[in-house]
DNA sequence: GGAATAGTGTCTGTGAGACACTATTAG
DNA sequence: CTAATAGTGTCTCACAGACACTATTCC
């Protein structure tokens, strides 16, 4: 049994007031050409899925636990975003919230809990702010790599990849510029995808060792 | 007196185990053409200045309090970086640390506590990691604006500004490219600075309304 | 004058952005 | 054939990077 630490006044750390620490996660996904966020409703109010941090637990593990419990999804990659610390942000008491982002293909999520990020319901606490930060973070990730969160099944055509980028960034992109900006980070499989009319698209994989692709993108102004 | 919240098991938030929450701050400054970090030594070990979060206190205020107490500086702008949450990171118990960055002109700091970031002493906890994150964050800020942290006294010449950028980024920059990249975010005062030999430099202010200056910079390869 | 520092003219290469063109499929 | 989708050629513009030049000061 380890000794309990005592400070110069002979008090243990637990003799001082401590906050509760929660994790709250913006689970984002692409649905019908729009980004959607997963919400749960408790007591007539909408919130992001979250939980309190347990003793000896990592923040990322608390996120995974809360998602398994509330949504039944696992195997994700939580990314820590920001600590929300306004003393009165939670009416239950002194609660810090460590906001996280995670991304899941929409078919693993319950459709009933998904709301478009462009028009979510009113949320409790500071959860609307969390969604804003998560959105900005996700967009930054997709500016830097072809599909860092695995929203497209490999292999994919450039149309499919572009469609995901348009969804994530909320704008339409020019096919030619998009193609050229991505090619450096993709590997051709040699296969093609025949589907419907038109010339079949070539299929690509992401290059694993990707310090690549400073993709900046181009808004399609609709000429 | 407000009611204490009780959950479905009739327990208050404080009936569950909670971590202590600390703030630790990498206070960076420019000293002798190098970035330096402020360290304090307690019990033969070097650490970043930090403190425990008090009840009802904002994280940023805890940072300011710790810097006033340990360094006697105030009026800074702490930026939250990341939560370090390894359960065993602090041998005193379960302590989360919210890492922060702050930047202070070196003449306000005790020279005895300043160490070059390129070669710091061995630090306790995960504080070396905090310095790394802080460095990256500071460099990103200086890539985006002329002097976001006020390391140069206004008005300044382009030489002075460039010198600060070279210090922050740890490389030397070409005067011509640097000048052109900065001009869009500066306002000429019409004054000049006469000092020593050579043509006097024109003096500039930062443009306050700065959504400006996507400065990327140029390493001087030493032709 | 010479040395030192500040600032400009201008060429080159790269890459985003845009538009028009060619290529390959289904029907 | 036409319609539809995929992909390329190439022009323009902006800008980083580089080098050489001019400008203004002190000594």
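Chains as they are written, first to last, in this note's numbering: chain A, 722 to 944; chain B, 722 to 944.
For every residue, glycine included, the Cβ atom is placed at its ideal position computed from N, Cα and C.
Being a predicted model, the structure only gives us computed values, none of them experimental.
Which of helix, strand or coil DSSP assigns to residue i
i, result
"residue 917 of chain A", "coil"
"residue 908 of chain A", "strand"
"residue 933 of chain A", "Its pLDDT being 34, under 50, residue 933 of chain A is placed unreliably by the model, and the measurement read from it follows with that caveat. Residue state, collapsed to three classes: coil."
"residue 857 of chain A", "helix"
"residue 774 of chain A", "coil"
"residue 943 of chain A", "Its pLDDT being 44, under 50, residue 943 of chain A is placed unreliably in this model, and the value from its coordinates should be taken loosely. If DSSP states are grouped into helix, strand and coil, residue 943 of chain A belongs with coil."
"residue 746 of chain A", "strand"
"residue 950 of chain B", "The structure shown does not extend to residue 950 of chain B, since chain B spans only 722 to 944, so no value can be given for it."
"residue 893 of chain A", "coil"
"residue 850 of chain A", "helix"
"residue 780 of chain A", "helix"
"residue 823 of chain B", "strand"
"residue 876 of chain B", "coil"
"residue 902 of chain B", "helix"
"residue 813 of chain A", "coil"
"residue 727 of chain B", "coil"
"residue 938 of chain A", "At residue 938 of chain A, the pLDDT of 43 sits below 50, so the modelled position is not reliable and the matter cannot be decided from this model."
"residue 885 of chain B", "helix"
"residue 792 of chain B", "helix"
"residue 865 of chain A", "helix"
"residue 830 of chain A", "coil"
"residue 797 of chain A", "coil"
"residue 870 of chain B", "coil"
"residue 787 of chain A", "helix"
Bridge partners - residue i, DSSP secondary structure assignment
i, result
"residue 844 of chain B", "B/767"
"residue 836 of chain A", "A/758"
"residue 818 of chain B", "B/743 and B/805"
"residue 751 of chain B", "B/756"
Residue i: first and last residue of the uninterrupted alpha helix (DSSP H) it sits in
i, result
"residue 736 of chain A", "Taken as a continuous stretch (DSSP letters only), residue 736 of chain A belongs to no alpha helix (DSSP H), as it is neither H nor E."
Span of the beta strand (DSSP E), counted from its first residue to its last, around residue i
i, result
"residue 801 of chain A", "800-805"
Pair within 8 Å by beta-carbon distance, residue i and residue j
i, j, result
"residue 885 of chain B", "residue 868 of chain B", "yes"
"residue 758 of chain B", "residue 846 of chain B", "no"
"residue 859 of chain A", "residue 822 of chain A", "yes"
"residue 843 of chain B", "residue 876 of chain B", "no"
"residue 784 of chain B", "residue 838 of chain B", "no"
"residue 824 of chain A", "residue 749 of chain A", "yes"
"residue 763 of chain A", "residue 834 of chain A", "no"
"residue 754 of chain B", "residue 878 of chain B", "no"
"residue 804 of chain A", "residue 831 of chain A", "no"
"residue 863 of chain B", "residue 890 of chain B", "yes"
"residue 769 of chain B", "residue 848 of chain B", "yes"
"residue 808 of chain A", "residue 777 of chain B", "yes"
For residue j and residue i, believed in contact at Cβ under 8 Å, the rounded distance
i, j, result
"residue 922 of chain B", "residue 893 of chain B", "Actually they do not touch by this definition, with Cβ atoms about 18 Å apart."
"residue 851 of chain A", "residue 747 of chain A", "5 Å"
"residue 780 of chain B", "residue 819 of chain B", "5 Å"
"residue 903 of chain A", "residue 882 of chain A", "7 Å"
"residue 788 of chain A", "residue 826 of chain A", "At roughly 14 Å, the Cβ-Cβ gap does not stay under 8 Å, so residue 788 of chain A and residue 826 of chain A are not in contact."
"residue 733 of chain B", "residue 739 of chain B", "Not really, about 11 Å apart at Cβ, beyond 8 Å."
"residue 741 of chain B", "residue 773 of chain B", "6 Å"
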